[in-house]
Amino acid sequence: MSKLLIDVGSTYVKVCQKSGISQYFRDFKKDIYDDLVTKCGDIFSKYAKEDIFICSSANGGLSTLIIGLTNSFSLKFAQNIAFNSGINIIDTVLYSKIEESKYPAELVDVVIVVGGIDGIGNVFDKRLLDYLQNIRYSNIVYVGTSQDAGFLSMHIPALKVLGNIITPKLHINEGELKEYLTNLYQADIVGKEDIKHLYALTANQIYSTPYVVNRSLSQIDANFDVVNPFIVIDIGGATTDIHYSHDLVRDNIVSESGYDRLVFKKLGVYKSRETLIFAAKNNEFVYELLAYLHVTENILEEESEKALRILMQLSIFLVLYKVSRLNPQYVTLHLELLETIVLTGGITKVLVFEEVEAIIGFFYKKVMNIHSIPNIVMDFDYAIWTIGMEDNEPKEQKCL
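For the sequence shown, the residue numbers in my numbering are 229 to 628.
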């Protein structure tokens, strides 16, 4: 028998068999396991636990605070690794201004401390310790100069010390930190009570969906009409993810893998609806965009099918804006070089091609000042994630 693949999202569950993909809207009154068994119990009974593979994006991601010495190296490098590991950055602190920096009010999942190259010591001092005493965090990791590791470990018992992410040649050394953050993201998923229960269905590790989708990118052109360079935008209920090739990265950062991803925790259309609306209202182009779509800002307060479609369109615009040259806070991509934009996730069940084309056309004309747009590919069956789940399987077994 072939594999059974399951993707647990914040609003939909996707089940892939050799015969194709089925989608089920989640019953939020039930535990995920109970809901799955109710809807798909007859399917599960046909497969051994070793042949059932599960991924999930239902947790919405982790948050991090980064403390670094310089904007040009330590903060920039750490931000790049955090974003690409599926971590949401809530704030960054430039160490020279740490005494005047605000403390985050929310619990931070992980604090990253970075700065200096190996061979240089006494970079961090009591100011860092005083600052950390005023914030709440679950994990803290140090990836700066090795000379300060002993001092910080002595005063921060929970500190995880990894290799410096800045090499003597001022290149990025991302391996250890990326693995650490990815494992934290993974542990958060499987640590959720709802997700833990799913191990009753499978004998395999449960992966994060953004990780699985990213694994598919090297093979995507064999299954879709995609021309390099391309990006994949995955818009769901809790997050909006963007996957891209390093060929599109503006920053001169030397990295290991060919593809990376950004996970925007606050741009989902269901669970993070309010933060999506907040981001829209604070964007300089959105009111003109709403007029272009022949609606007013009142649509953002409505609960209707039309309002949902508008939010979906806004999420496309906002995620492109966040990686454009106008928003240096995130990784900046060479969007003018794009040949293909692939849309996947729940959005493909709501919007038609023309609605997506209109938004991308507006973005390229108003933000990029370019009148031609990349080719648009809609993954209407939401099949891209299955490539990453089955990337070692024969092609004829793929659910495509």
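Built from N, CA and C at the ideal position, the CB exists for glycine as well.
{"Item": "Helix or strand or just coil, what does DSSP make of Q361?", "Value": "coil"}
{"Item": "Please state if the CB of T576 and the CB of V455 are separated by a distance shorter than 8 Å.", "Value": "no"}
{"Item": "Is it buried or exposed for Y592, if we count other Cβ within 10 angstroms and need 16 for buried?", "Value": "buried"}
{"Item": "For the alpha helix (DSSP H) holding S381, just list the boundary residues, first then last.", "Value": "377-383"}
{"Item": "Look up H425 in the DSSP assignment and say whether it is helix, strand or coil.", "Value": "helix"}
{"Item": "Starting from the Cα of G343, find the closest Cα among L380, Y487, N312 and give me that residue.", "Value": "L380"}
{"Item": "Taking a contact to mean a Cβ-Cβ separation below 8 Å, would you say V336 touches I317 in this structure?", "Value": "no"}
{"Item": "Starting from G248, trace the alpha helix (DSSP H) in both directions and tell me its first and last residue.", "Value": "Note, G248: premise wrong, no alpha helix (DSSP H); beta strand (DSSP E) at 248-253."}
{"Item": "For chain D, find out if any of its Cβ atoms is closer than 8 Å to the Cβ of F506; answer yes or no.", "Value": "As a matter of chain content, chain D is missing from the structure shown, which is built from one protein chain."}
{"Item": "What is the rounded straight-line gap between the Cα of N555 and the Cα of L232?", "Value": "41 Å"}
{"Item": "Under the assumption that S284 contacts S436 (Cβ atoms under 8 Å), give the Cβ distance between them as a whole number of angstroms.", "Value": "7 Å"}
{"Item": "Indicate the three-state DSSP secondary structure (helix, strand or coil) for D609 in the structure shown.", "Value": "coil"}
{"Item": "Alpha carbon to alpha carbon, what distance is there between V341 and F352?", "Value": "10 Å"}
{"Item": "How many angstroms separate the CA atom of D453 from the CA atom of A611?", "Value": "14 Å"}
{"Item": "Please return the same chain residues whose Cβ sits closer than 8 Å to the Cβ of F581, not counting the five positions on each side in sequence.", "Value": "I604, M606"}
{"Item": "Among D488, E531, L490, V547, whose alpha-carbon lies nearest the alpha-carbon of V514?", "Value": "V547"}
{"Item": "Quick one, are the C-beta atoms of T320 and I348 less than 8 Å apart?", "Value": "no"}
{"Item": "Is R364 buried or exposed, if buried means 16 or more other CB atoms sit within 10 Å of its CB?", "Value": "exposed"}
{"Item": "Could you have a look at S230 and say whether DSSP puts it in helix, strand or coil?", "Value": "coil"}
{"Item": "Could you tell me the boundaries of the alpha helix (DSSP H) in which S444 lies?", "Value": "437-444"}
{"Item": "Which runs of the beta strand (DSSP E), 3 residues or longer, sit entirely within the segment 266-325?", "Value": "280-284, 290-296, 315-322"}
{"Item": "Which residue marks the beginning of the beta strand (DSSP E) containing K388, and which one marks its end?", "Value": "387-389"}
{"Item": "Would you mind stating whether I615 and Q447 have Cβ atoms separated by less than 8 Å?", "Value": "yes"}
{"Item": "If T239 sits next to G574, beta carbons under 8 Å apart, how far is it from one beta carbon to the other, in whole angstroms?", "Value": "6 Å"}
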